[in-house]
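Structure record follows, encoded as structure tokens.
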């Protein structure tokens, strides 16, 4: 409670132990500086062995040190938020604002319609006045099957929403609820559960049967006028705007089975033409912003990916506690919830949860001025998305915003506002530049959030005890690496864009937040130092040349301290976030794989784009996997499966380190050189050994496994040849 008796709608608490951590951080930085001093003062003279390798390590360690300093911005001032929804209800229940919810899908094959409508139904069932909810599905695949699934969902919602309200069920995705719910104790609920599940199963069967036929049966098409929109449909990339209002929240007859009004439900497939760039998800979101402004015009917008169902029916009220707080709410542009996944294994073989980012780093960014906008699970003010700059005098009159009502019929709305989603609407306008999500970047969400913060707004990160949204994580290594390639490529493009956090954001956001953004923007360049560190020390080890201080030297101490302190701290951090020791080890492997493959190709593609030799693309992550892949994933067996350029690099690096490790071990054992290796090259030997150990799943996939998830034998042969050539060439040339 404030001095004037005011009770805030949310509370901010600072993390404990900040002083101790800052002392630890200073000690590590001193160790890093000593390593730099050692490298500079002990560079071998011209003609001496290892000079070039030494200078390269100096550059790599200088980069790692500076990058580590940047990462401390995430840990300097962590804050945690707590909301008071009871106070919100007491003070603002009658003036709660309208909320428009955007669900985006793009391909009915890799994003099955049944999954999509489960997400739609979960957000329709929020614990919020239904007359103030508008749910919009953007179908960039322009699929009549997705439209049919949404039509079925609109009928099922008349039974599902009353059931959720009556029994206060969680989660409110039907599929997840039926899979996770125990037998209800209440006999009445048990009877209704059987009925509602029967309705759902029948709906699911109809949709899946239509998917198998790859068309909508004629008797079903004749039941709704919306299917006529596909009469002029040419292809996924060539069709008119399709706008259908399936439930009109203003219609007094649009009620559920208990007589309560239903949320507005709208289907939109924006116009696509081959000759016009459609700007991927950013273009779809901007079309939704424009169309929704004429139908429901909610001042708050939530956007979720089609696989990211609502797991917490109170999330809307949680977000409004920030926006509607009388003292600080006017400063907040968006509220970002964490991106969590339902199918993560105990030890997270692909580090899908990015546990430390969601549980540590984003809380640190929140203490610096606000987290990134990560494209899903985010509540926005509509006006900030449309370009409004922050002003201290700006206050929102929530009650007046709810008074805006259109009297147009559904047919008139559909007819009059299709043009807002045309393929040429953005041309010669500020859309994609100063309004809406920004164009021209693979991570349109991050750059849009940064531009909003540079206009003076703050953002908030809220990580509730009950997860707000749950999605589907990548179940194969190729999918995980491809996703990180897009992220690292897009983040690096932001660094060179007009909205670069390094220079454009200077003076507009805090220095700590600039540093926090740069951590992600510099993901891709990390590949260079990491590639050097994973290859060169091992090759010099094979040749018997030491690049690190002897174990008896005082200079060994800063290396040992920095390495052990950073890794022990990282392990403790991971365990504190709820992970396991094996999960941390898998995290380290993915750290290596991402930096030496995803980030490398992201870095190269960005350079080629800047030079004009390539264009940005957008890859949709698959949301389905066959049974064999799923079983291996659940058993935490890495899925490789194909030969790709990324796997060529990873397998060759693994083989280089294996050849070097075995070669040195053989020479030490047979030539009685164990003491020499221990005294002069212990750090190199340990580094090489750890790289061999961390690559064990790679060796299994190359040589031991027989299942379909293994790597092709041709790649095994290629990696052996390349590794031997690298080792022989290095030995001869250096």
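Residue numbers (full-length UniProt numbering): 1 to 734. Ideal placement from N, C-alpha and C gives every residue a C-beta, glycine not left out.
Per DSSP, the bridge partner or partners of residue i
| i | result |
| --- | --- |
| residue 509 | 506 |
| residue 81 | 12 |
| residue 471 | 341 |
| residue 242 | 269 |
| residue 381 | 300 |
| residue 305 | 104 |
| residue 264 | 134 |
| residue 557 | Answer is none; residue 557 lacks a bridge partner. |
Alpha helix (DSSP H) segment containing residue i, residue limits
| i | result |
| --- | --- |
| residue 17 | Run containing residue 17: none; DSSP gives neither H nor E here. |
| residue 602 | 599-610 |
| residue 316 | 315-323 |
| residue 698 | 696-699 |
| residue 588 | 581-593 |
| residue 628 | 627-634 |
| residue 485 | 477-495 |
| residue 216 | Note, residue 216: premise wrong, no alpha helix (DSSP H); not H, not E. |
| residue 177 | 174-180 |
| residue 368 | Neither: residue 368 is in no alpha helix (DSSP H) and is coded neither H nor E. |
| residue 731 | 713-733 |
For residue i, the three-state DSSP class (helix, strand or coil)
| i | result |
| --- | --- |
| residue 277 | coil |
| residue 255 | strand |
| residue 211 | helix |
| residue 376 | coil |
| residue 235 | strand |
| residue 536 | helix |
| residue 169 | coil |
| residue 649 | helix |
| residue 552 | coil |
| residue 247 | strand |
| residue 222 | coil |
| residue 310 | strand |
| residue 500 | coil |
| residue 525 | coil |
| residue 709 | coil |
| residue 196 | helix |
| residue 638 | coil |
| residue 326 | coil |
| residue 577 | coil |
| residue 286 | helix |
| residue 571 | helix |
Distance CB(residue i)-CB(residue j) smaller than 8 Å
| i | j | result |
| --- | --- | --- |
| residue 378 | residue 335 | yes |
| residue 135 | residue 116 | no |
| residue 263 | residue 130 | yes |
| residue 94 | residue 241 | no |
| residue 468 | residue 343 | no |
| residue 87 | residue 7 | yes |
| residue 282 | residue 421 | no |
| residue 492 | residue 603 | yes |
| residue 730 | residue 522 | no |
| residue 153 | residue 120 | yes |
| residue 596 | residue 478 | no |
| residue 494 | residue 443 | yes |
| residue 196 | residue 159 | yes |
| residue 164 | residue 284 | no |
| residue 688 | residue 537 | yes |
| residue 279 | residue 439 | yes |
| residue 454 | residue 505 | yes |
| residue 365 | residue 461 | yes |
| residue 140 | residue 147 | no |
| residue 609 | residue 484 | no |
| residue 647 | residue 709 | no |
| residue 679 | residue 550 | yes |
Below-8 Å beta-carbon distance, residue i vs any chain B residue
| i | result |
| --- | --- |
| residue 384 | The structure shown contains no chain B, having only a single protein chain. |
Terminal residues of the beta strand (DSSP E) in which residue i lies
| i | result |
| --- | --- |
| residue 740 | There is no way to answer for residue 740, as the model of the chain reaches only from 1 to 734. |
| residue 644 | Per DSSP, residue 644 belongs to no beta strand (DSSP E) and is neither H nor E. |
| residue 336 | 332-336 |
| residue 135 | 133-139 |
Check: Which ranges does the alpha helix (DSSP H) cover as unbroken runs of at least 4 residues, wholly within the stretch 37-125, from first to last along the chain?
Finding: 51-71, 85-92 and 113-124
Next item on the list: Identify every run of the beta strand (DSSP E) within the stretch 386-464, keeping only runs that are complete inside it and at least 3 residues long; order them along the chain.
Entry: 458-461
Checklist line | Runs of beta strand (DSSP E) wholly within the stretch 661-690 (minimum 3 residues, chain order) | finding: Listed in chain order, there is nothing to give.
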